[in-house]
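Inspection log for the structure reproduced underneath, given as structure tokens.
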Amino acid sequence: MRDRKGNVGIIVSANTRGGTLSASLSKYKSKTNAPTIYHQKGTSAQIGGSIDIGASLGLEYVVFPDTTTNDVYQGTTISTSFGVSCIPAEIHGEIGYSLVYGFNIYDEMNYIYNMIMEW
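Residues in the sequence shown are numbered from 2 upward in steps of one, following this note's numbering.
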């Protein structure tokens, strides 16, 4: 994931979920109103669903509070996947916790520049 402030990273999440049964391999694309990737860590809640006919298309809405600022951010996720489902459409809700691991590309480039200039 990345943001407009030069931060690049990955998000690792553990979720508890309820909904109709399905199993799939998915690709996700999310967009949030969080100012940086680091505002997406912590607890979140999601609700969504998908339509499955061998290949599926899903849409989710996510809400996550920032415990540092007490702001609440939100976003949407679109997913495409291949898998199996009991019925051709599924709905679900999730509560999860996420960790964000990342770095700032501008800070890293500045560090490299300073190392070269001091050499």
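Even glycine gets a Cβ: it sits at the ideal position worked out from N, Cα and C.
Paired residues, beta bridge with residue i - DSSP
i: T17; result: I96
i: L60; result: G50, I79
i: K28; result: T81
i: R3; result: V9
i: P66; result: V73
Simplified DSSP assignment, three categories, for residue i
i: D108; result: helix
i: N115; result: helix
i: I12; result: strand
Sub-8 Å separation of residue i and residue j beta-carbons
i: G76; j: N34; result: yes
i: G59; j: S80; result: yes
i: V85; j: S45; result: no
i: Y62; j: V101; result: no
i: S31; j: S57; result: no
With 16 other Cβ atoms within 10 Å as the buried cut-off, status of residue i
i: F83; result: exposed
i: F65; result: buried
i: I92; result: exposed
i: K28; result: exposed
Any non-hydrogen atom of the ligand HEM closer than 7 Å to residue i Cβ
i: R3; result: Of the ligands one can find in the structure shown there are none, so the ligand HEM has no counterpart to examine.
task = Could you tell me whether the segment 12-19 touches the segment 95-110, using the rule of 3 or more Cβ pairs below 8 Å?
result = yes
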